[in-house]
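Take a look at the structure set out below.
In the numbering used here, the protein residues as written are 8 to 309.
See below:
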């Protein structure tokens with residue numbers, strides 16, 4: 008017989024997870040229901056979705072974007088919104104091929120429209136070629152180019168919102184990274200609101216779930232795939248911050264949530280203190296930028 012302390016708080020089935028705030032133990036069925044309910048509540052609370060929206064999911068094929076597509080495929084019809092998946096193929100040998108296969112398998116099973124854009128098509132070269140001689144800058148260069156590629160894919164599919172699979176760990180890591188860099192403008196930046204005719208608003212429905220919760224959700228639903236890690240990931244500051252923050256969260260539970268509360272407080276103060284900085288257009292490619300030349304054109308040495 009299973010001890011009482013190992014039973015689900017809502018039924019007599021064996022618990023598979025223990026959650027805090029509020030304290031509860033949940034069986035497989037109730038955890039799947041609980042995770043979905045928290046994501047739906049976040050979308051409704053923050054008004055992420057409006058009737059008539061066409062939501063593009065940035066689908067890498069990894070665990071976070073897989074969970075995101077599964078959940079939005081479940082909830083969007085009732086919210087009156089459409090769904091399309093977009094995948095960016097950077098051209099990373101030995102890595103992207105397998106994740107692309109996972110993305111194609113999932114969209115095929117769910118019957119979701121799937122559009123793929125490539126660095127080679129958009130920028131003339133794949134990421135591996137672009138990074139020759141500057142591999143240590145891999146994540147920085149890739150991040151800038153991926154954002155542009157996603158923006159182009161959003162235009163192609165006519166989406167009104169871009170949903171990304173950022174989870175609680177990702178968001179807390181970004182806050183800490185911006186603090187360590189002394190990057191107050193980025194700490195204050197809110198991408199949830201776009202500029203009419205220019206930026207499509209980004210939404211992050213999974214920001215209420217931790218990485219462990221997402222892995223558990225996929226394992227319980229039978230969608231977890233053990234995929235390779237990007238070969239450039241180890242060069243990023245995020246890799247060090249991830250390890251540091253994981254240790255802090257283990258010793259002081261709630262650290263990530265408090266970091267998010269700190270970020271929200273900074274953003275609220277910024278909104279009341281000064282208006283948003285006006286953007287101009289890049290003199291080379293014509294895309295919006297805060298300077299004369301955008302980051303993409305600088306990185307590509309145009």
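All C-beta atoms, glycine included, are put in the ideal place defined by N, C-alpha and C.
Let me know if residue 60 comes out buried or exposed under the rule of 16 or more other beta-carbons within 10 Å of its beta-carbon. Within a 10 Å sphere around the beta-carbon of residue 60 sit 16 or more other beta-carbons, which makes this residue buried.
Please determine, among 95, 253, 118, 249, the residue with the shortest C-alpha to C-alpha distance to residue 128. Relative to residue 128, the option among 95, 253, 118, 249 whose CA is nearest is 95.
On the three-state DSSP scale, how would you describe residue 234? In the structure shown, the three-state DSSP call for residue 234 is coil.
Residue 63, DSSP secondary structure in three states: In the structure shown, residue 63 sits in a strand (DSSP, three-state: E or B).
Return the CA-CA distance between residue 288 and residue 106, expressed in angstroms with no decimal places. Whole-angstrom Cα-Cα distance: 34 Å.
Would DSSP call residue 211 helix, strand or coil? Annotated three-state conformation of residue 211 is coil, per DSSP.
Can you tell me which of the three DSSP states residue 21 falls into? In the three-state reduction of the DSSP assignment, residue 21 falls in the strand class.
Residues near residue 87 by beta carbon distance below 6 Å, same chain, minus five either side: So the list reads 58, once near-sequence residues are dropped.
Which residue from 119, 37, 206 puts its Cα closest to that of residue 64? Check the Cα spacing between residue 64 and each of 119, 37, 206: the tightest is with 119.
Express the C-alpha separation of residue 171 and residue 67 in angstroms, rounding to a whole number. Each residue's alpha carbon lies about 10 Å from the other.
Residue interval of the alpha helix (DSSP H) (run including residue 44): Element bounds for residue 44: 35 to 52.
In the DSSP assignment, the alpha helix (DSSP H) including residue 1 goes from what residue to what residue? The requested residue 1 is not part of the displayed model; the chain covers only 8 to 309.
Counting along the chain, where does the alpha helix (DSSP H) carrying residue 133 start and finish? Bounds of any alpha helix (DSSP H) do not take in residue 133, whose DSSP letter is neither H nor E.
DSSP state of residue 166 mapped onto helix, strand, coil: Coil.
Have a look at residue 109 and residue 152 and give me their C-alpha separation to the nearest angstrom. Going from the Cα of residue 109 to the Cα of residue 152 covers about 22 Å.
Only counting the same chain, and skipping five residues up and downstream in sequence, which positions put a Cβ closer than 8 Å to that of residue 277? Closer than 8 Å at Cβ, skipping near neighbours: 195.
Cβ atoms of residue 39 and residue 259: under 8 Å apart, would you say? Annotated as distal: residue 259 and residue 39, with beta-carbon spacing of 8 Å or more.
Helix, strand or coil, according to DSSP, for residue 14 in the structure here? Three-state DSSP puts residue 14 in a strand.
Those residues which DSSP pairs with residue 273 across a bridge: Answer by DSSP bridge pairing: none, since residue 273 is not bridged.
In angstroms, rounded to a whole number, what distance separates the CA positions of residue 123 and residue 185? About 31 Å.
Could you compute how far the alpha carbon of residue 295 sits from the alpha carbon of residue 304? A straight line joining the alpha-carbon of residue 295 with that of residue 304 spans about 12 Å.
Report yes if the CB atom of residue 230 is closer than 8 Å to the CB atom of residue 73, and no otherwise. At the C-beta level, residue 230 and residue 73 come within 8 Å of one another.
Given this structure, state the Cα-to-Cα distance separating residue 34 from residue 210, to the nearest angstrom. About 29 Å.
Using a threshold of 8 Å, state whether the C-beta atoms of residue 42 and residue 239 are closer than that. No, the pair does not count as a contact, with Cβ atoms beyond the cut-off.
Distance check for residue 69 and residue 219, CA to CA, integer angstroms please. Roughly 14 Å between the two C-alpha positions.
Since residue 212 contacts residue 91 with CB under 8 Å, what's their CB separation in whole angstroms? In fact, because the Cβ distance is near 16 Å, the residues do not count as touching under 8 Å.
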